[in-house]
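To start, the structure itself, in structure tokens.
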Amino acid sequence: MSGENEEELTKKFQRFVGFKTGKSIHRIKGKNLVEFAQAIGCTDPKYVRVEKTPDGKEDYSKIVAHPAYPAAFTVQTGGALYSLDSLKHEDGTPLIKNMGKLLHTGQQYDYTGCVPITTKINKIYTEGTVSKIWVKGGLLWIEITLESRADTGELVCKTICTVGIRPGGW
């Protein structure tokens, strides 16, 4: 960090607002939807009850993803958040020098105008945009607005993820 104060750095870093993240791809599998719901303690049949077909095979066709399921694809390693390491200062040096200092601090989901995540969807593609950036308490804070779409193009979730980069990482 230079000798600039947090307010000056925040102003300087506004040039990164609007940066488009890379695209991540997530495969939808019924078994994974059920396992995720169970892992977070959910017992609602809508998310965990797997019926059997007449020949005894598991039928995941009626399973709906738990509302927290986007955590499985919005913050995954190699996902859209990890393209933040391509942010560069005007001199070409990286804004984030050590991705190991990245803290995922939270996310909000918005399902307005979205279709439910079910096994009818094969893949979900997530892309995002840096929507806010600021420095506070010695940390670099970045808010990314993500859109996740089914392979049909339908919107399945809008997510706001906030990450903090610890000192030494930026």
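Each residue of the sequence shown is one higher than the one before, starting from -3 at the first, in my numbering.
In this text, a Cβ means the ideal position worked out from N, Cα and C, and glycines have one as well.
Taking 6 Å as the limit between beta carbons, can you name the residues of its chain near residue i, skipping five residues before and five after?
i: K119; result: I21, R23 and D147
i: G160; result: L99, T101, L135 and W137
i: E47; result: D55
i: G52; result: none
i: F9; result: I129
i: D87; result: none
Consult DSSP for residue i and reduce its assignment to one of helix, strand or coil.
i: S57; result: coil
i: E47; result: strand
i: R162; result: coil
i: A146; result: strand
i: D106; result: strand
i: E123; result: strand
i: L77; result: helix
i: T39; result: coil
i: T155; result: strand
i: V30; result: helix
i: T114; result: strand
i: T6; result: helix
i: K169; result: A query on residue 169 cannot be resolved here, the shown segment of the chain reaching from -3 to 166 and no further.
Please go through the same chain and pick out, in chain order, the residues whose beta-carbon is closer than 7 Å to the beta-carbon of residue i, but skip the five residues on each side of it.
i: V126; result: F12, V13, G14, F15, I138 and I140
i: N172; result: Because the chain in this structure spans residues -3 to 166, residue 172 falls outside the shown range and cannot be described.
i: K97; result: I161, R162, G164 and G165
i: G149; result: none
i: K84; result: P90 and L91
i: E2; result: V131 and K132
i: A64; result: I36
With burial defined as no fewer than 16 other Cβ atoms inside 10 Å of the residue's Cβ, what is the status of residue i: buried or exposed?
i: A35; result: exposed
i: H62; result: buried
i: P112; result: exposed
i: R145; result: buried
i: T49; result: exposed
i: T39; result: exposed
Is residue i close to chain C, meaning its C-beta is less than 9 Å from at least one C-beta of that chain?
i: K7; result: The chain inventory of the structure shown lacks chain C, comprising one protein chain alone.
Thinking residue i and residue j are a contact (beta carbons under 8 Å), I'd like their distance in whole angstroms, please.
i: L151; j: G124; result: The pair is not a contact, with the Cβ atoms about 13 Å apart (cut-off 8 Å).
i: L175; j: T158; result: Missing from the structure shown is residue 175; the chain here goes from -3 to 166 and no further.
i: Q103; j: A67; result: 7 Å
i: T122; j: K7; result: Actually they are not in contact, since the Cβ atoms of T122 and K7 sit about 30 Å apart, beyond 8 Å.
i: T155; j: Y105; result: 6 Å
i: L5; j: T70; result: Going by Cβ atoms, the distance from L5 to T70 rounds to 27 Å, so no, they are not a contact pair.
Near residue i, which residues of its chain fall below 8 Å by C-beta distance, leaving aside the five closest residues on each side in sequence?
i: Y43; result: L29, V30, A33, I59, V60, A61 and H62
i: T115; result: I24, K25, G26, L29, Y56, S57 and I59
Is any heavy atom of the ligand MG found at a distance shorter than 8 Å from the C-beta of residue i?
i: N118; result: This structure simply doesn't include the ligand MG, nor any ligand for that matter.
*asked:* Under 8 Å, with one C-beta from each stretch per pair, do the stretch 48 to 64 and the stretch 25 to 33 reach the 3-pair mark?
replied: yes
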